[in-house]
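Trainee: Sharing a structure below in structure tokens format, with a few things to ask.
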Amino acid sequence: MADERNFRSSYYEKVGFRSVEEKRSLEILLKERPFDKAKLKQFCLRFTVPAMHRNYLWKILLDVIPVYVDSHDFILNQRRAEFHDLQKALKVTKILDDYTKPHLMFLTMWLLRTRRAKLDMSTQLEIPLHRAMSRMAETLWHIIDIDCYEEKLVDTYWILCGLLDQVQRLHKEVVKLREYVCTLLEREDPELYKHLVKIQALHNIPYDIWFCSCFAGTISNGSIAKIWDKIAVGAYRILIFVTVVTLTTLRRILLRYENIDGILDTISNITEETSEVIVNKAIESWQQSGSTLIS
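Under our numbering, the first residue of the sequence shown is numbered 9, with each subsequent residue one higher.
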């Protein structure tokens with residue numbers, strides 16, 4: 009019976025029915041009043057969020073809006089007002105102007121709101137952690153799909169705030185995440201692991217940028233949202249699997265190089281097609297490992 013169910017699920021996925029079933033399941037969850045956040049988190053851990061529901065679901069999971077639908081209009085009005093207050097304060101102090109790019113504006117506003125802003129903001133934005141966050145902000149701006157520019161500004165900012173809260177947590181775990189990557193790569197592909205160690209490349213991979221940007225600017229915008237579905241619920245250990253799968257997917261090219269420069273060039277120029285392969289494999293490996301419930 010189990011084999012029959014597995015075959016049926018596999019068949020449905022190949023003919024495109026699985027996404028339909030997932031969409032229906034999510035729509036049922038979104039009809040509950042109030043929302044059951046635990047069930048919505050489980051959905052994100054198990055499935056890819058349909059693009060048409062992603063903005064809304066992320067806002068729920070990242071506490072931009074509450075689980076009580078009757079409160080949404082009031083809360084969104086408050087969010088909008090706070091957004092404009094922050095924006096105005098930074099323009100009055102001439103930190104921002106009308107020509108500031110949206111992603112830099114969002115990050116600067118987040119720094120001010122979280123009381124991290126310093127007088128020399130330009131220098132502060134060059135800190136490696138903030139450069140990574142800037143990449144994340146820029147990618148988010150491109151993947152949030154809202155026609156109304158004003159609404160897109162406000163929604164993107166508040167969703168980013170929620171994601172950056174997750175980045176703040178995982179930033180403290182970067183050393184452990186790097187260790188897990190080395191352990192997993194050695195187990196999954198000993199030949200590649202030994203080669204990267206031999207040419208001193210394994211410890212020079214830009215882990216901090218990859219992890220703290222959640223692969224923004226590395227994985228293509230068309231694929232990265234699938235990973236961020238998991239980040240939105242705090243499951244940041246999926247980044248370990250994205251890292252390992254990135255390396256193993258590119259292994260034939262990486263094994264040719266005898267220096268770090270070639271390695272860095274290859275992992276910095278991943279195509280959209282390869283990005284999609286990496287993301288799908290990483291999610292599958294992560295789920296098979298039993299890590300769906302582990303942060």
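Cβ coordinates follow ideal geometry from the N, Cα and C atoms, glycine included.
Classify Lys-248 as helix, strand or coil using the three-state DSSP reduction.
Mentor: Note that residue 248 corresponds to Ile in the displayed sequence, not to Lys. Residue state, collapsed to three classes: helix.
Trainee: Specify, as a first and last residue, the run of the alpha helix (DSSP H) that Cys-190 falls within.
Mentor: Where Cys-190 is concerned, the enclosing alpha helix (DSSP H) stretches over 182-196.
Trainee: Would you grab the beta carbon distance between Met-141 and Cys-220 for me? Rounded to a whole angstrom, and I think it's under 8 Å.
Mentor: Confirmed, Cβ separation roughly 7 Å.
Trainee: Given a cut-off of 8 Å, decide if Ile-286 and Thr-274 are closer than it, judged by their beta-carbon atoms.
Mentor: Cβ atoms of Thr-274 and Ile-286: not closer than 8 Å.
Trainee: By the DSSP assignment, the alpha helix (DSSP H) with Tyr-215 in it spans what residues?
Mentor: Element bounds for Tyr-215: 215-220.
Trainee: Please work out which residues of its chain come closer than 6 Å, Cβ to Cβ, to Ala-233, disregarding the five sequence neighbours upstream and downstream, and give them in chain order.
Mentor: The answer, listed in chain order, is Ile-151.
Trainee: Can you find the residues in the same chain that come closer than 6 Å, C-beta to C-beta, to Leu-263, ignoring five residues on each side of it along the sequence?
Mentor: Hits under 6 Å: His-203.
Trainee: Using 8 Å as the threshold, is the C-beta distance between Leu-70 and Ala-240 below it?
Mentor: Yes, the pair counts as a contact, with Cβ atoms nearer than the cut-off.
Trainee: If you follow the alpha helix (DSSP H) that Lys-102 is in, where does it begin and where does it stop?
Mentor: Per DSSP, Lys-102 belongs to no alpha helix (DSSP H) and is neither H nor E.
Trainee: Tell me whether Ala-46 sits in a helix, a strand or coil according to DSSP, three-state version.
Mentor: It is helical.
Trainee: Compare the Cα-Cα distances from Ala-59 to each of Tyr-107, Ile-154 and Phe-91 and report the closest residue.
Mentor: When only C-alpha atoms are compared, the closest one is Ile-154.
Trainee: Residues bridged to Ala-224 by DSSP?
Mentor: Partner(s): Ile-227.
Trainee: For Lys-238, does the count of other Cβ atoms within 10 angstroms reach 16, so buried, or fall short, so exposed?
Mentor: Buried is the call here.
Trainee: In angstroms, rounded to a whole number, what distance separates the CA positions of Asn-288 and Lys-102?
Mentor: Their Cα atoms are separated by approximately 44 Å.
Trainee: Excluding sequence positions up to five away, which residues of its chain have a Cβ less than 8 Å from the Cβ of Val-182?
Mentor: Closer than 8 Å at the Cβ level, and outside the excluded window around Val-182, lie Tyr-215, Asp-216, Phe-219 and Cys-220.
Trainee: Can you say whether His-138 is buried or exposed, counting buried as having 16 or more other CB atoms within 10 angstroms of its CB?
Mentor: By the neighbour-count rule (16 or more Cβ atoms within 10 Å), His-138 is buried.
Trainee: Below 8 Å on the Cβ atoms is my contact criterion, and I expect Leu-255 with Leu-193 to pass it. Report the Cβ-Cβ distance as a whole number of Å.
Mentor: Rounded, the Cβ-Cβ distance is 6 Å, consistent with contact.
Trainee: Is DSSP giving Phe-55 helix, strand or coil here?
Mentor: Phe-55 falls in the coil class under three-state DSSP.
Trainee: Which class does Tyr-201 belong to by DSSP, given the choice of helix, strand or coil?
Mentor: Of the three classes helix, strand and coil, the one that applies to Tyr-201 here is helix, per DSSP.
Trainee: Confirm, please, whether the CB-CB distance from Thr-147 to Gly-225 is below 8 Å.
Mentor: Yes. Within cutoff.
Trainee: Apart from the five residues on each side of it in sequence, which residues of its chain come closer than 6 Å, Cβ to Cβ, to Lys-67?
Mentor: For Lys-67, where only same-chain residues beyond five positions count, the Cβ hits under 6 Å are Ile-73.
Trainee: So, at 8 Å on beta carbons, what are the nonlocal neighbours of Leu-120 in its own chain, with the 5 sequence-adjacent residues on each side left out?
Mentor: For Leu-120, where only same-chain residues beyond five positions count, the Cβ hits under 8 Å are Leu-94, Ala-97 and Leu-98.
Trainee: Please return the same chain residues whose Cβ sits closer than 7 Å to the Cβ of Gly-259, not counting the five positions on each side in sequence.
Mentor: In the sequence as presented, Gly is not what sits at residue 259; that position holds Arg. Same-chain partners within the cutoff: Asp-197 and Leu-200.
Trainee: Do Gln-174 and Ile-268 have their CB atoms nearer than 8 Å?
Mentor: In this structure, Ile-268 does not lie closer than 8 Å to Gln-174 by Cβ.
Trainee: Kindly list the residues whose CB is nearer than 8 Å to the CB of Gln-176, restricted to its own chain and excluding five residues on each side of it in sequence; keep chain order.
Mentor: Closer than 8 Å at the Cβ level, and outside the excluded window around Gln-176, lies no residue.
Trainee: Express the C-alpha separation of Ser-297 and His-211 in angstroms, rounding to a whole number.
Mentor: About 24 Å.
Trainee: Determine the closest residue to Phe-91 out of Val-75, Leu-115, Asp-78 and Val-77, with distance taken between C-alpha atoms.
Mentor: Of the listed residues, the one whose Cα sits closest to Phe-91 is Leu-115.
Trainee: Which value, in whole angstroms, describes the spacing of the CA atoms of Val-252 and Gln-295?
Mentor: Answer to the nearest angstrom: the Cα atoms are 14 Å apart.
Trainee: I'd like the span of the alpha helix (DSSP H) that includes Pro-136, first residue to last.
Mentor: Taken as a continuous stretch (DSSP letters only), the alpha helix (DSSP H) holding Pro-136 covers 136-151.
Trainee: Is it right to say Thr-164 is buried, meaning 16 or more other beta carbons lie within 10 angstroms of its own, or is it exposed?
Mentor: Buried, because 16 or more other Cβ atoms sit within 10 Å of the Cβ of Thr-164.
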